[in-house]
Amino acid sequence: MNIPPVISLKNIVFGYRSGNVLDGLNMDVLKGDFVGLVGHNGTGKSTLLKIILGVLTPQNGTVKLFGTPIKKFKDWDKIGYIPQKAGLSVSHVPITVDEVMRMEKASDYEVDEALSSVDMLSYKHQLLRELSGGQQQRVFIARALVKNPELLILDEPTVGVDVKTQEKFYELMQKLNHDFHLTLLLVSHDLHTISHQVHCVMQLDKKTIPYETNTCNIIHTHHKNADHN
Ligand SMILES: Nc1ncnc2c1ncn2[C@@H]1O[C@H](COP(=O)(O)OP(=O)(O)OP(=O)(O)O)[C@@H](O)[C@H]1O
Ligand SMILES: [Mg+2]
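Here the sequence shown is numbered in the working numbering, starting from 1 and rising by one per residue.
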């Protein structure tokens, strides 16, 4: 029996009022993949993630999640998401780690499990704003993991994080990928670092970024702007 791709995008066309951002994009992410998504500022990485999450609807093309057309898809617990600058939205609010976790309507047990998996259980009752950036990042990862997702989507999770914390972050991603077969889609600007971590890299602007990383034979992109290089 064939397992359908976790994410399947066919001929995606999407534009804001200012014009098309994605112009005929195709992409499959298979179960257990660790995919890096790179591209310069404004090439549509966050936009693409929002299409996958159903926050934005493309003008053309089809999105399937776990084999189901997105309009019929209901298993949103299967997908964890850490938005770009996740910390900013709560950085001034006096909210505890536990309360952040409860936003996902998780049980006590689920919260403790998720916080342990990122070594943050002992911070459960601390205020989020009193944690370091790297610790906050771990809390957001824990929140995204609390419902035991099969797919984790991260939008620039290592921005502003020191090298050591970044290394620990990638160790954690490798563990989640290997031990729990979590499928990962991760946006980053750091092509060098990410290419050592992921199975394959997908670029939204092939024209402008040198491509010298692992070949990715499961991802097929067709981006109009990057067609003839
Ligand atoms: N809500 C919006 N309304 C109109 N245009 C938008 C909106 N969000 C993004 N855009 C435009 O769409 C393009 C792609 O934006 P997007 O945020 O997807 O880029 P990105 O690749 O994630 O960039 P970055 O690396 O800076 O995060 C940009 O030109 C941006 O100005
Ligand atoms: Mg972005």
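The beta-carbon is built from N, C-alpha and C at its ideal position, and this holds for glycine as well.
Ligand 2 approaches residue 46 closely enough that one of its heavy atoms is under 6 Å from the residue's Cβ. Annotated three-state conformation of residue 26 is strand, per DSSP.
Taking the Cβ atoms as the reference, residue 144 lies roughly 3 Å from residue 80, within the contact range of under 8 Å. A distance below 6 Å between beta-carbons, with the five flanking residues on each side excluded, links residue 154 to the following residues of its chain, in chain order: 82 and 186.
Between residue 27 and residue 9 the beta-carbon gap is near 5 Å, inside 8 Å, which marks them as a contact. For residue 11, the uninterrupted beta strand (DSSP E) run begins and ends at 7 to 16, by DSSP.
For residue 123, the CB contacts under 6 Å within the same chain, skipping 5 residues up- and downstream, are 97 in chain order.
Looking from the CA of residue 183, the closest CA among 59, 64 and 34 belongs to 34.
For residue 194 against residue 38, the beta-carbon gap comes to about 7 Å, under 8 Å, which counts as contact.
Under the three-state reduction of DSSP output, residue 85 falls in the coil class, being neither helix nor strand. A direct Cα-Cα distance of roughly 7 Å separates residue 15 from residue 59. Short note on residue 42: C-beta closer than 6 Å to some heavy atom of ligand 1. Contact between residue 36 and residue 198 holds, since their C-beta atoms are separated by about 4 Å, short of 8 Å. At least one heavy atom of ligand 2 falls within 6 Å of the beta-carbon of residue 84. Its Cα nearest to that of residue 18, the residue 42 stands out among 73, 159 and 42.
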